[in-house]
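>
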Amino acid sequence: MTVALTRAPVTPTPEQAVDTVGHAGTGQRARWMCPALIALAAGVAIAALLGPLTNGAIHYHLSVDALNQVVGGDFVALVLVVPVSLFASLLAWRRHPAAPVVALGPAVFAVYTYTQLTIGGDFARYAGNSERFFVLHLAIFVLGSAIALKSWASIDARRLRPMSRRSQRLLGSFVIVVALFVVIGLHLPTLIDAWRDRPTRPEYLADPGVFWVVKLMDLGIVVPTLTAVGVGLIRGAGWAHNAIYGVVGWFALLGSSVAAMAVVMHAKDDPAASTTNTVAFGLFALVGLTVAVRLLFPLLARRSWTPARSAERTNTTASDTAPTIRRSGFSS
Numbered sequence: 004m005t006v007a008l009t010r011a012p013v014t015p016t017p018e019q020a021v022d023t024v025g026h027a028g029t030g031q032r033a034r035w036m037c038p039a040l041i042a043l044a045a046g047v048a049i050a051a052l053l054g055p056l057t058n059g060a061i062h063y064h065l066s067v068d069a070l071n072q073v074v075g076g077d078f079v080a081l082v083l084v085v086p087v088s089l090f091a092s093l094l095a096w097r098r099h100p101a102a103p104v105v106a107l108g109p110a111v112f113a114v115y116t117y118t119q120l121t122i123g124g125d126f127a128r129y130a131g132n133s134e135r136f137f138v139l140h141l142a143i144f145v146l147g148s149a150i151a152l153k154s155w156a157s158i159d160a161r162r163l164r165p166m167s168r169r170s171q172r173l174l175g176s177f178v179i180v181v182a183l184f185v186v187i188g189l190h191l192p193t194l195i196d197a198w199r200d201r202p203t204r205p206e207y208l209a210d211p212g213v214f215w216v217v218k219l220m221d222l223g224i225v226v227p228t229l230t231a232v233g234v235g236l237i238r239g240a241g242w243a244h245n246a247i248y249g250v251v252g253w254f255a256l257l258g259s260s261v262a263a264m265a266v267v268m269h270a271k272d273d274p275a276a277s278t279t280n281t282v283a284f285g286l287f288a289l290v291g292l293t294v295a296v297r298l299l300f301p302l303l304a305r306r307s308w309t310p311a312r313s314a315e316r317t318n319t320t321a322s323d324t325a326p327t328i329r330r331s332g333f334s335s
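Read in order, the letters of the sequence shown are residues 4 to 335 in the numbering used here.
#1: If the criterion is Cβ atoms closer than 7 Å, does the pair GLY75 and MET220 meet it?
#2: Span of the alpha helix (DSSP H) holding ARG172?
#3: Which residue wins for smallest C-alpha separation from LYS153, given the options VAL111, VAL84 and ARG172?
#4: Is the region 60-70 in contact with the region 163-170, if contact means three or more CB pairs nearer than 8 Å?
#5: Taking the straight line between their C-alpha atoms, what separation do you get for PRO103 and VAL79?
#6: CA-CA distance, TRP253 and LEU53?
#7: Runs of 4 residues minimum, wholly inside the region 214-251: which ones carry the alpha helix (DSSP H) assignment?
#8: Roughly how far, in whole angstroms, is the beta-carbon of ALA91 from the beta-carbon of LEU303, given that I think they are within contact range, below 8 Å?
#9: Would you check if the distance between the CB atom of GLY239 and the CB atom of GLY291 is smaller than 7 Å?
#10: Starting from ALA39 and walking both ways along the alpha helix (DSSP H), at which residues does that stretch end?
#11: Can you check the region 130-169 for any alpha helix (DSSP H) of at least 4 residues that lies completely inside it and give the ranges in chain order?
#12: Using 7 Å as the threshold, is the C-beta distance between LEU81 and ALA44 below it?
#13: Return the chain-ordered list of same chain residues with a C-beta closer than 8 Å to the C-beta of GLN119, the five sequence neighbours on each side being excluded.
#14: Assign ASP272 to one of three DSSP states: helix, strand, or coil.
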């Protein structure tokens, strides 16, 4: 009988395996987003600079009060959305696993905002020329949609930092509170007025088209999304843990935009302005930005967190690389 000594193949540690997948898989899939995000940033910047923020070439078919909101939104687009898009493009170029997570915020913001700007005006009531810039808005919408969908598919869940059950419940509860505020504090009073035989709210009377588009998108998209993610976090659902990373970036940008709109409206004595709403939106924007930074900043480390850094790594012992005895055959 002969006995042969062979060395078993060395199995990579979970950390090594995840690093390989993260850089060769997610990173390569996300790299195409670099030029797409640059194009998105350019489109958003052009639309903002040509809009009412600078009294530029784009004149939307909106009332003066609604244009105040556009000014606030364009300001946030320039100071937050464009830089975040460019930063996400840099991460994508470097094949960083955080690239698709960071890209979700500006991508969804672009889809949300430019849908309203494209179809929300009253083209028969107010003078304007925004229809001539339809191709620009369409390009931003298509880019934002493509980046959002591809980003969601490219997120490597193994690169996301885990949360304690307490953190999940707190964050889930916060998201649900935001959803309730949007429904009860923001939209319900104006809806009740719009349902009357003779509505009196100035924002409805001046821009009914914008009014209903915003109601449809907020109550049909924003609120259900926030509620689902919030409930999912409280219940500890894995998909909600992944989704919250995208939701917080989007919410931080959207909340900042709404807060800026409220500030501009208040500064220009807009009849629809409210000190209570201005303060509330400002607080929500501040909290949203804080949560986004706290949640996303750890992902920007050179080596994102992996499960291998927990007790799972201790399962690799010397026996994984030790010689093993294999019976190869018999001889006389």
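Ideal Cβ placement from N, Cα and C applies to all residues, glycine included.
Looking at the coordinates:
#1: Contact flag unset, no.
#2: Element bounds for ARG172: 168-183.
#3: Per the Cα distances, VAL111.
#4: By the C-beta criterion, the region 60-70 is judged not to be in contact with the region 163-170, since fewer than 3 inter-stretch pairs fall below 8 Å.
#5: PRO103 and VAL79: Cα-Cα distance of roughly 21 Å.
#6: Roughly 24 Å separates the two Cα atoms.
#7: Correct list: 226-237.
#8: No, ALA91 and LEU303 are not in contact; Cβ-Cβ is about 11 Å, not under 8 Å.
#9: For the pair GLY239 and GLY291, the CB atoms are not nearer than the 7 Å cut-off.
#10: Taken as a continuous stretch (DSSP letters only), the alpha helix (DSSP H) holding ALA39 covers 36-53.
#11: The qualifying runs are 137-157.
#12: Judged by their CB atoms, LEU81 and ALA44 are not nearer to each other than the 7 Å cut-off.
#13: These residues qualify, in order along the chain: VAL213, VAL216, VAL217 and MET220.
#14: Under the three-state reduction of DSSP, ASP272 is assigned to coil, being neither helix nor strand.
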